[in-house]
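To start, the structure under review is shown below, and the notes come after it.
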Amino acid sequence: MSDPTRPPGPRIIAVANQKGGVGKTTTAINLAAALVEAGQRVLLVDLDPQGNASTGLGLETEDRKSSTYELILEDAPISSVVQETGIEGLWICPATTDLSSADMELVSNEKRSFLLHDALRQPDIDAFALDYVLIDCPPSLNQLTVNAMVAAHSVLVPLQAEFFALEGLSQLMLTIREVRQSANRDLRIEGVVLTMYDVRNNLSQLVEADARNTLGELVFRTMIPRNVRVSEAPSYAMPVTSYDSGSRGATAYRALASELLARHAAATTRG
């Protein structure tokens, strides 16, 4: 029997930053795992041709029988693309290198910006009773990232605590504004999460102060520390919450999940 208190469909969040190496995929994997620990049912959509989110959750290339390429460009039913992970309550739509040609193929499609939006709203997704869909975007502002933003309710931005961190945000914010104006007027910024934060490093503290002064409450209170366990976990095909449950990285991602859930609960109450 369905739960009458459930919102209609899952909450869809695009995890995006056009700059590589900021902890985007790491955040997508570990936030997804931490949300599952908190009792949520989560689908992670790997939209990066590198497929690191898929690998990081233990899905070898040869095991990816169908991928987000087929989902977006070949109208594959989402139920044929979704695969289980080693974590109960967490599923993945894996990526393959086929996605690297998607941008060129999408150019000639008149519905090119809405393909992922429509795919994630197929009736057969209801069978998974999802609470959240997280989309791991490629490190560029291409057609795949635009598809993610058109499909999503909000955008979560991982921001590395390093020099020039905020400068790269302007183009991302511009893209979000353009998507709002043209295709998804309800798209909002979920928030900015500082990653690879080193409390001993003055630069990290300066970047944090700058981010909070510039972006205010958009910046999550939770910051993800620079932590060797977070870096090691993908090589064991696990989120850090499974690889080293007591590590600072695991604790931080659980705190981020709790903060995200609290924000959504507060927004629902206000609504």
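Read left to right, the sequence shown gives residues 1 to 271 (full-length UniProt numbering).
Using N, Cα and C, we set each Cβ at its ideal position, and we do this for glycine too.
| Item | Value |
| --- | --- |
| Stretch-stretch touch, CB-based, cutoff 8 Å, three pairs: the segment 193-202 with the segment 166-178 | no |
| Burial state of Pro225, where buried means 16 or more other Cβ atoms lie within 10 Å | buried |
| Contact test: Val45 Cβ vs the ligand SAM heavy atom, cutoff 6 Å | Absent from the structure shown: the ligand SAM. Ligands present: none. |
| Identity of the residues DSSP links to residue 281 by a beta bridge | Residue 281 lies beyond the residue range present for the chain, which begins at 1 and ends at 271; the question has no answer from this structure. |
| Residues of its chain near Leu141, where Cβ-Cβ distance is below 6 Å and the 5 sequence neighbours each way are ignored | Gln18 and Thr175 |
| Exposure of Lys24, with buried meaning 16 or more beta-carbon neighbours within 10 Å | buried |
| Given 8 Å, three or more beta-carbon pairs between the segment 148-168 and the segment 204-213 | yes |
| C-beta contact flag for Pro239 and Ile92 at 7 Å | no |
| Interface flag, Ser108 vs chain C, CB-CB below 7 Å | The structure shown contains no chain C, having only a single protein chain. |
| Residue 274 vs Pro10 beta-carbon contact at 7 Å | Residue 274 lies beyond the residue range present for the chain, which begins at 1 and ends at 271; the question has no answer from this structure. |
| Own chain, CB closer than 7 Å to Ala267, minus 5 neighbours either side, in chain order | none |
| Boundaries of the alpha helix (DSSP H) in which Gly249 is found, first to last residue | Arg248 to Arg270 |
| Helix, strand or coil at Gly216 according to DSSP, with G and I counted as helix | helix |
| Selected residue, minimal CA-CA separation from Tyr69, among Leu59, Gly58 and Val81 | Val81 |
| Collapsed DSSP secondary structure at Glu84 in the structure displayed | strand |
| Coarse secondary structure for Pro123, derived from DSSP in three states | helix |
| Span of the beta strand (DSSP E), counted from its first residue to its last, around Val192 | Arg188 to Thr195 |
| Which residues DSSP lists as bridging Pro225, in chain order | Tyr197 |
| Nearest residue (CA-CA) to Val36, options Ile87, Leu73 and Glu62 | Ile87 |
| Assigned secondary structure, Gln40 (DSSP; H/G/I helix, E/B strand, else coil) | coil |
| Through-space distance from Ser113 to Val146, alpha-carbon basis | 6 Å |
| Boundaries of the alpha helix (DSSP H) in which Tyr69 is found, first to last residue | Thr68 to Leu73 |
| Alpha-carbon to alpha-carbon, Pro158 and Pro139 | 11 Å |
| For Glu84 and Ala33, the rounded distance between their alpha carbons | 13 Å |
| Contacting residues, own chain, Cβ-Cβ under 6 Å from Asp103 (five flanking each side not counted) | Asn142 and Gln143 |
| Where Leu59 sits in the DSSP three-state scheme | coil |
| Same chain only: Cβ atoms within 8 Å of Arg248, ignoring 5 sequence neighbours per side | Pro225, Asn227 and Arg229 |
| Backbone secondary structure at residue 349 - three-state DSSP | The displayed coordinates of the chain run from 1 to 271. Any statement about residue 349 would go beyond what the structure contains. |
| Distance between Leu156 and Tyr197 (C-alpha atoms, nearest Å) | 17 Å |
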